[in-house]
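Numbering (the numbering used here), first residue to last: 15 to 708.
Following: one structure in structure tokens, then a few remarks.
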Amino acid sequence: MAKPLFNLAPGMYPTMQLVPPFRFEGVTMRVFPLLADMERVQRFVDAYVNDIAPPEVGQFRVFLPYVYLQILHYGKMAVESANLGWIAQHEINLTIPLAWYTKEGHQLVFKDWVYLTPHIFVDNPLSMTTGRGVYGWPKSPGHLVPTASGWVDDPTAGRILARVNAPRGTLLEIEEVASLSPFETPSRWLSQGIDMLQGMGLWRERPGGAPANAVRMARDLGRFVVGLHTSTPYWIALTLKQFRDAAQPEIADYQGFVTTKMLIDSIKQVGFFGDRHLLSGDVTGGYRIRLHEHAGVSLGDVLGLEITGPRERGAHGEPVSVLEPVFPFWLHFDMKYPRGDVLAWRTPFSDGWRSDGGLPLSTPATHPEPLPRFNTARGVAFEPAPGPFHRPDATLRVLPMLADRAKLQAFCDASFGAMLKDTPYRVEAWGTYVYMVASSFDEDRDLEMLLPILWHFNGELQGRALVPVFCYANRDAAAIARSEVCGIPTLPAEFASPADGWMDPAGPSPRMPRPLLTVLADVLPTLGYGQKAERRRLIEIVQGSTTPPVSTTSFLLNETFPQHVEQEDHALGPLSMTGSLDILTVKQFRDAQDPIAACYQSVVLLERVFEQVLEVDEIKNRLEIRLHAYPSQPIVETLGLHWKAVDVSGTAEVYVLEPIRPFWARVAMRQHLGRNLAMRAGSKQWVIPPRDET
């Protein structure tokens, strides 16, 4: 069964999402095995995987009394098939080693070792969007922060080597402690050895605990160890790929199990941490992991990690658990990251689990399969907020920009026309404006390029809506929620709004251009030249004018611009701040096995209601918009925006535009849950819900 192609219309998806396979060069992995209660870890694995997986996928059993804390530095992550460009990142994860069994007759037969990573934190937004959207890695934003030593104050105190920060605060710290004498180091080898025997099914009865499976485990483990020196070793990553439904967030609109065989090209170095401690019998290597609890969620409790001593308190009063690793070690290697294998997938309309080819995996039930619930075993605090959203006092800055009508219609045709040609839906551009809307509420900042459209069903006009094209948010979690739940393609970005320059040397002169907002994001400066992704300026909003009165070698003037300004003197149009605004989006995710295809696509209609307009006025000061042109962010070209000048003096072309009748408003607004107008997965056939249920 043929899958639908992933929609490549610019702006309709996070344009910096990379496409596998990849190659990783200069990977440094620090591994801290943390003691864990095997039964509690197994309960988590059951809730997260085994309880929902179809029999054809198999069962996954905990076989070691450890959860691995892994801290990685990727020196170079690049697309393997083309010299497109590359990124670098730090990653922190908690990984559970598992034994994978498949059912043969009435017996569970050992298949291979797999690694399940329920928590992973990265500091690169491009890696985050790719990992989540393609493979289903549950990546969240996190940053590795080096710390200063406290040795001067207390030479016997623990030394914090690194700190991992997440949006909610400090996630964990890695501490190096003073050496212990051999007599102070307790031995845990007996209890841990018994746990390992239990994990292999040799100590007591357990599923899959047959001697034949123990032989298979030993054989495969031996093959892996020998392979480190004689062939290409690998490990298999297991992920649960799932996304919340826009209309019913407690339901998963797509859920699938993916395995990916990571291939190690070459191992360059391997070593243990804390040689001096190990020689004295301290298997921790002299390291402690301080795990901070936030929002009432403790990763240590969820994963059954063994805590050393009583809980402490962090800088903000949060509980802190101290964990001791066992034989921490590190590796330096190169690896290949291929496409994944989809073991099984399901949607609310698939009638149960299906294979990658779309065939039913189990005998269809007499009664309809229950709707797949979004799995929250990891903890709700680590999942993107599903909505609905309420902003009781938000400030909107609306900048209407003139655009070419033919370009706007071409965008609608590319984004909706080809996809929906066999459905009753039609979408057409409405007007000759694109609206840039910069919003602020509390600490949240976002910017959207909104295209007005009219949408039809069976030839009848259903209403007008706005299509979000290029969108940015200052919080990674907000960008994830907007993209994955609502279908609004949002790129994490940095928003810089400088303090008022009234006391600057230039003085308060109205003739002096004054920056109001700068949006920066990670981009590939050029495509096809193997350049590293960099954080660059994308959008600038300036009060005053940066363009000279006449053309220079640095500026190319658009002679037709003044005529368009005279022809279009009223730009408020759809954004007149009355009633509500409908948002029309295409929600889609790449297939892990065939990433040029989509594993799921839907057309979603969202309603934003203005409950109260607290204040509204035109912006009387002259504004300019400066749009920096990059291949991955072709804003002006895609939307046919009318510019008045092009600055070619820097590393990238900068298109200078002047908004028509910009205004601002303070509003109380609410975004309701979405309506799925059409959905498809596993085939090109759309499922259209009955009109009274959409």
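Idealized CB from N, CA, C, for every residue including glycine.
Asked                                                                                                                      : Found
The segment 681-690 in contact with the segment 259-279 per 3-pair CB rule at 8 Å                                          : yes
Rounded separation between F238 and P247 - CA only                                                                         : At F238, the pLDDT of 45 sits below 50, so the modelled position is not reliable and the matter cannot be decided from this model.
D605 CB to nearest heavy atom of the ligand GTP below 8 Å                                                                  : Looking for the ligand GTP in the displayed structure turns up nothing, as the structure carries no ligands at all.
Under the three-state DSSP convention, the category I502 falls into                                                        : coil
Rounded straight-line distance, which links the Cα of F403 to that of F624                                                 : 12 Å
A251, buried or exposed, once every other Cβ within 10 Å from all chains shown has been counted against 16                 : buried
The segment 287-302 in contact with the segment 55-68 per 3-pair CB rule at 8 Å                                            : no
Within the segment 599-684, ranges of the beta strand (DSSP E) (whole runs, at least 3 residues)                           : 612-632, 637-642, 659-661 and 668-671
Reduced DSSP category for E53 - H, G, I as helix; E, B as strand; rest coil                                                : helix
Host alpha helix (DSSP H) of I281 (start-end)                                                                              : Where I281 is concerned, there is no enclosing alpha helix (DSSP H), although the beta strand (DSSP E) it sits in stretches over A266 to F286.
Cα-Cα separation, R368 to F271                                                                                             : 11 Å
For R290: DSSP bridge partner residues                                                                                     : The partner list for R290 (beta bridge, DSSP) is empty, contrary to what the question assumes.
Contact between the segment 695-704 and the segment 274-286 (3+ Cβ pairs under 8 Å)                                        : no
DSSP three-state assignment for Q73, whether helix, strand or coil                                                         : strand
Cβ distance (whole Å) where P35 is taken to contact A612 below 8 Å                                                         : Contact flag wrong, Cβ pair sits at about 18 Å.
Where R325 falls: helix, strand or coil (DSSP)                                                                             : coil
Local Cβ density within 10 Å of I101, reported as buried at 16 or more and exposed below that                              : buried
Presumed contact (8 Å Cβ cut-off) between G354 and R360, rounded CB distance                                               : G354 to R360, Cβ: 17 Å. No contact.
Beta-carbon contacts of T540 that lie in its chain and below 7 Å, excluding the five residues immediately before and after : P645
First through last residue of the beta strand (DSSP E) which encompasses D458                                              : D458 to F471
Close-in-space but distant-in-sequence residues of the same chain around V316 (CB under 7 Å, 5 per side omitted)           : F58 and G393
4 or more residues per run - each alpha helix (DSSP H) lying fully within the segment 382-465                              : 419-426
9 Å Cβ cutoff met for E326 and R304                                                                                        : yes
L385 versus P324 - alpha carbon distance                                                                                   : 43 Å
Exposed unless 16 or more other CB atoms sit within 10 angstroms - verdict on L628                                         : exposed
DSSP-derived helix/strand/coil call for G314                                                                               : helix
Coil, strand or helix - M693 by DSSP                                                                                       : strand
Rounded straight-line distance, which links the Cα of V670 to that of V178                                                 : 40 Å
Buried versus exposed, by CB contacts within 10 Å (16 or more), A495                                                       : buried
Stretch pair the segment 547-564 + the segment 636-643: three plus CB contacts closer than 8 Å                             : yes
Reduced DSSP category for N179 - H, G, I as helix; E, B as strand; rest coil                                               : strand
L410 beta carbon less than 9 Å from that of Y447                                                                           : no
Segments of 4+ residues assigned as alpha helix (DSSP H) that fall wholly inside the segment 109-150                       : 139-144
Start-to-end residues for the beta strand (DSSP E) that takes in I553                                                      : E548 to Q557
Coarse secondary structure for I106, derived from DSSP in three states                                                     : strand
Same chain only: Cβ atoms within 8 Å of M142, ignoring 5 sequence neighbours per side                                      : V136, K153, S154, P155, D490, I494 and P506
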